[in-house]
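If you read the sequence shown in the numbering used here, its first letter stands for residue 102, the second for the next number, and so on.
Input: a single structure, listed below in structure tokens.
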Amino acid sequence: MGKSFYITTPIFYPNANPHMGHAYSTVFADIVARYHRLKGEEVYLLTGVDENTEKVVRAAEAAGKSTDEYLAHVVSNFKTLFADLSISYDQFIRTSDAERHWPGAIALWKKIEVAGDFEKRSYRGLYCVGHEAFITEKELVDGTCPDHGEAPQVLEEENYFFKLSKYTAQIKEHIESGKLEIQPDTRRNEILALLSRGLEDVSFSRPAGKVSVGVPVPNDPSQKMYVWCDALANYISALGFGQNEALYTKFWPADAHIIGKDILRFHAAIWPGMLLSAGLPLPKKIVVHGFITSGGTKMSKTLGNVVDPQQLISEYGAEAVRFYLARHVSPFEDSDLTLSSFKEAYNADLANGLGNLVSRIMKMAATHLGKPVAVPEQAIPQSFMDALDAYHIQKAADIVSESIAALDRRIQETEPFKLVKTDKQKAEAIIEELVVGLYAIARMLNPLMPDTCEKIKALVRSNSTPETPLFPRKE
Ligand code: ME8
Numbered sequence: 102m103g104k105s106f107y108i109t110t111p112i113f114y115p116n117a118n119p120h121m122g123h124a125y126s127t128v129f130a131d132i133v134a135r136y137h138r139l140k141g142e143e144v145y146l147l148t149g150v151d152e153n154t155e156k157v158v159r160a161a162e163a164a165g166k167s168t169d170e171y172l173a174h175v176v177s178n179f180k181t182l183f184a185d186l187s188i189s190y191d192q193f194i195r196t197s198d199a200e201r202h203w204p205g206a207i208a209l210w211k212k213i214e215v216a217g218d219f220e221k222r223s224y225r226g227l228y229c230v231g232h233e234a235f236i237t238e239k240e241l242v243d244g245t246c247p248d249h250g251e252a253p254q255v256l257e258e259e260n261y262f263f264k265l266s267k268y269t270a271q272i273k274e275h276i277e278s279g280k281l282e283i284q285p286d287t288r289r290n291e292i293l294a295l296l297s298r299g300l301e302d303v304s305f306s307r308p309a310g311k312v313s314v315g316v317p318v319p320n321d322p323s324q325k326m327y328v329w330c331d332a333l334a335n336y337i338s339a340l341g342f343g344q345n346e347a348l349y350t351k352f353w354p355a356d357a358h359i360i361g362k363d364i365l366r367f368h369a370a371i372w373p374g375m376l377l378s379a380g381l382p383l384p385k386k387i388v389v390h391g392f393i394t395s396g397g398t399k400m401s402k403t404l405g406n407v408v409d410p411q412q413l414i415s416e417y418g419a420e421a422v423r424f425y426l427a428r429h430v431s432p433f434e435d436s437d438l439t440l441s442s443f444k445e446a447y448n449a450d451l452a453n454g455l456g457n458l459v460s461r462i463m464k465m466a467a468t469h470l471g472k473p474v475a476v477p478e479q480a481i482p483q484s485f486m487d488a489l490d491a492y493h494i495q496k497a498a499d500i501v502s503e504s505i506a507a508l509d510r511r512i513q514e515t516e517p518f519k520l521v522k523t524d525k526q527k528a529e530a531i532i533e534e535l536v537v538g539l540y541a542i543a544r545m546l547n548p549l550m551p552d553t554c555e556k557i558k559a560l561v562r563s564n565s566t567p568e569t570p571l572f573p574r575k576e
């Protein structure tokens, strides 16, 4: 049995169809998961949806549907997208799942309660449904939340508060010592700065009468768990924590939580605090990626600049979307994506790049070699492994592109299609070498473009040309 490797995506709010940002986090985690499987490790990839939120209730109302009906529809769109993108998840968790998720969330709550870290307080605050969090007066611009353009609700109610503040020093120690790694350093510094200012206690529940969805607080039917408390618990509830713990024992602590920069504080402060309180191990690493913007601004429905992943998939194919996300979105900074930048990259990388290379090499091989090349099982380049070990999916994709360009240059320099007339033996040797090089590229494509990887391998094994171009040029 290989080493175990547990990787997660955020669980997404299903209050609208999935967009490129959701696709990015998930493709990111899938590339890393496939790479670790390739290394022979036993991998568990978790994704899912965060359903216990008023956002969903509101969206369902706006669509004139019941919450369940609405969720069934949107969740199936998430699942279709992930299937289309070849996301090799081991589990898709839904936090409305009272059998799979609730027992774990409740077991974790009870441990925090036993530690004496809950306190029921009467609380008055400004609640932003967009954030699903209380916000402060200082954060408002002209009385509205600048991120969501909406005035917060003034809530006066009883909440259970989690005494997060008392864990500030311990969380800081875990991050400073590297027991809990935060990648990249800029995000690590950001969270350390926040910890230096000290953490405040956080509301972990809401009155049951005021929220229509949510996990009931154990032994207090008047309260339901508040979104983040139950959402973060998904990373262990999915492994059967608090019920059948076989998966939990095998895979926890997580090797990596892949998240976007907007939810850093929840993952690098609140989540470690909950685990410390419960006496459970902390995740080993949190990998924080940037945002995909479009035309320089955050994708937003009102601005009309949302790029729909399904539209790109139907025009270019899912493999092209995966490769674009790996190669042209910086893992740790914000990156811009427009329809025209996508097309340009597709034509350069895949139509003229990889697709053309496969056609040229396999055409020469099929014409001039009598039988398939016996390709050696050569190792994957160390630089490629290093890149993926460091969660640098862009570097890995760059290495593939460099290898494609290097093989192209080799064809130009050696011109085996001409040489074959004067020195057949030498020409054949070069073509064989090119096929071996192509096979090496296919091996690296396993985590990035799994279908293309298999297609190229099959062409090499059968010594044949693709019937249609792998990546037809788009005008
Ligand atoms: O925050 N670019 O859910 P969410 C890149 N349910 N990534 C993006 C993005 C963009 N423009 N927009 C969103 C939640 N994302 C909570 C999480 S986890 C226990 C609970 C990605 O649907 C990115 O990973 O708002 C971000 O962190 C996540 O989607 C937020 O998704």
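Ideal Cβ placement from N, Cα and C applies to all residues, glycine included.
field: Within 8 Å, strictly: CB atoms of residue 339 and residue 194
entry: Going by C-beta atoms, residue 339 is nearer than 8 Å to residue 194.
- prompt: Should residue 443 be counted as a contact of ligand 1 given a C-beta to heavy atom distance under 7 Å?
  reply: For ligand 1, no non-hydrogen atom lies closer than 7 Å to the CB of residue 443.
- prompt: Any idea what DSSP makes of residue 479, helix, strand or coil?
  reply: Residue state, collapsed to three classes: coil.
field: residue 326 - containing beta strand (DSSP E), residue span
entry: Boundaries of the beta strand (DSSP E) around residue 326: 324-326.
task: Classify residue 135 as buried or exposed, calling it buried when 16 or more other Cβ atoms lie within 10 Å of its own Cβ.
output: Classification of residue 135: buried, given that the 10 Å Cβ count is 16 or more.
query: Is the region 161-168 touching the region 200-217 in the sense that three or more CB pairs, one from each, lie closer than 8 Å?
result: No, they do not touch.
field: Contained alpha helix (DSSP H) runs [length at least 4] in the region 523-552, N- to C-terminal order
entry: If we require 4 residues or more, the alpha helix (DSSP H) runs fully inside the region 523-552 come out as 525-549.
- prompt: If you scan the region 447-516 from start to end, which runs of the alpha helix (DSSP H) of 4 or more residues do you find wholly inside it?
  reply: Counting whole runs of 4 or more residues, the region 447-516 contains the alpha helix (DSSP H) stretches 457-469, 483-490 and 494-515.
- prompt: Between which two residues does the beta strand (DSSP E) carrying residue 168 extend?
  reply: Judged by DSSP secondary structure, residue 168 falls outside any beta strand (DSSP E) and instead within the alpha helix (DSSP H) spanning 168-185.
query: By DSSP, does residue 429 sit in helix, in strand, or in coil?
result: It is helical.
task: For the alpha helix (DSSP H) holding residue 129, just list the boundary residues, first then last.
output: Here the alpha helix (DSSP H) through residue 129 covers 121-139.
Cβ shell of residue 144 (< 6 Å), same chain only, five flanking positions each side left out: Correct list, in chain order: 106, 134, 137 and 138.
Whole-Å CB distance - residue 260 paired with residue 304, under 8 Å assumed: About 4 Å separates the CB atoms of residue 260 and residue 304; that is less than 8 Å, so the two are in contact.
- prompt: Going by DSSP, which residues form a beta bridge with residue 284?
  reply: According to DSSP, which records beta bridges pairwise, residue 284 is partnered with 388.
task: Classify residue 428 as buried or exposed, calling it buried when 16 or more other Cβ atoms lie within 10 Å of its own Cβ.
output: Residue 428 comes out buried.
- request: Would you be able to state if there are at least three C-beta pairs under 8 Å between the region 355-364 and the region 380-387?
  value: Taking 8 Å as the limit for Cβ pairs, the verdict is that the region 355-364 does touch the region 380-387.
- prompt: Just the Cα atoms here: how many angstroms apart are residue 336 and residue 468?
  reply: If I take the Cα positions, the gap works out to 53 Å.
message: Below 8 Å on the Cβ atoms is my contact criterion, and I expect residue 423 with residue 186 to pass it. Report the Cβ-Cβ distance as a whole number of Å.
response: Indeed, because the Cβ distance is near 6 Å, the residues count as touching under 8 Å.
Spatially closest choice to residue 450 from 284, 575 and 380, by CA coordinates: Ranked by how close their Cα comes to the Cα of residue 450, the residues 284, 575 and 380 have 575 in first place.
message: Following a CB-centred definition, is residue 113 positioned closer than 7 Å to any heavy atom of ligand 3?
response: Among the ligands present in this structure, namely ligand 1, ligand 3 is not found.
message: Rounded to whole angstroms, what is the Cα-Cα separation between residue 129 and residue 494?
response: The C-alpha of residue 129 lies about 7 Å from the C-alpha of residue 494.
- request: Quick one: grab the DSSP three-state call for residue 302.
  value: In this structure, residue 302 counts as coil in the three-state DSSP scheme.
field: Near ligand 1: residue 180 beta-carbon under 7 Å from a heavy atom
entry: For residue 180, the shortest C-beta to heavy atom distance toward ligand 1 is 7 Å or greater.
task: Run through the region 188-253 for me and flag every whole beta strand (DSSP E) of 3 or more residues, listed as ranges in chain order.
output: Fully contained in the region 188-253 are the following beta strand (DSSP E) runs of length 3 or more, in chain order: 192-195, 219-229 and 234-236.
message: Is residue 400 near ligand 1 - that is, is its Cβ less than 7 Å away from at least one heavy atom of it?
response: Yes; taking the cut-off as 7 Å, the Cβ of residue 400 has a heavy atom of ligand 1 nearer than that.
query: How would you call residue 297, buried or exposed, if buried means at least 16 neighbouring beta carbons within 10 angstroms?
result: Around the beta-carbon of residue 297, fewer than 16 other beta-carbon atoms lie within 10 Å, marking it exposed.
query: DSSP three-state call for residue 313: helix, strand or coil?
result: Residue 313 falls in the coil class under three-state DSSP.
message: Buried or exposed for residue 324, going by 16 or more other Cβ atoms inside 10 Å?
response: Around the beta carbon of residue 324, 16 or more other beta carbons sit within 10 angstroms, so the residue counts as buried.
query: For residue 477, is the classification buried or exposed, using 16 other Cβ atoms within 10 angstroms of its Cβ as the cut-off for buried?
result: Flag for residue 477 reads exposed.
task: Evaluate contact between the region 498-508 and the region 430-438, counting only Cβ atoms and requiring at least three cross-stretch pairs below 8 Å.
output: Cβ pair count under 8 Å is below three, so no.
message: I want to check one thing, is the minimum distance from the CB of residue 409 to the heavy atoms of ligand 1 below 7 Å?
response: Because no heavy atom of ligand 1 lies under 7 Å away, the Cβ of residue 409 does not count as near it: no.
task: Could you spell out where the alpha helix (DSSP H) holding residue 269 opens and where it closes?
output: Unbroken alpha helix (DSSP H) run through residue 269: 269-277.
- request: Count the other C-beta atoms from every protein chain shown that fall within 10 angstroms of the C-beta of residue 264, then say buried if there are 16 or more, exposed otherwise.
  value: Residue 264 is classed as buried because its beta carbon has at least 16 other beta carbons within 10 Å across all chains shown.
- prompt: Out of curiosity, what's the CA-to-CA distance linking residue 346 and residue 559?
  reply: Those two C-alpha atoms are separated by around 41 Å.
- prompt: So, is residue 307 buried or exposed, given that buried needs 16 or more other C-beta atoms within 10 angstroms?
  reply: Sixteen is the threshold: when 16 or more other Cβ atoms of the shown chains lie within 10 Å of the Cβ of residue 307, as they do, the residue is buried.
- request: State yes or no: is the C-beta of residue 218 nearer than 7 Å to some heavy atom of ligand 1?
  value: For ligand 1, not one heavy atom lies less than 7 Å from the Cβ of residue 218.
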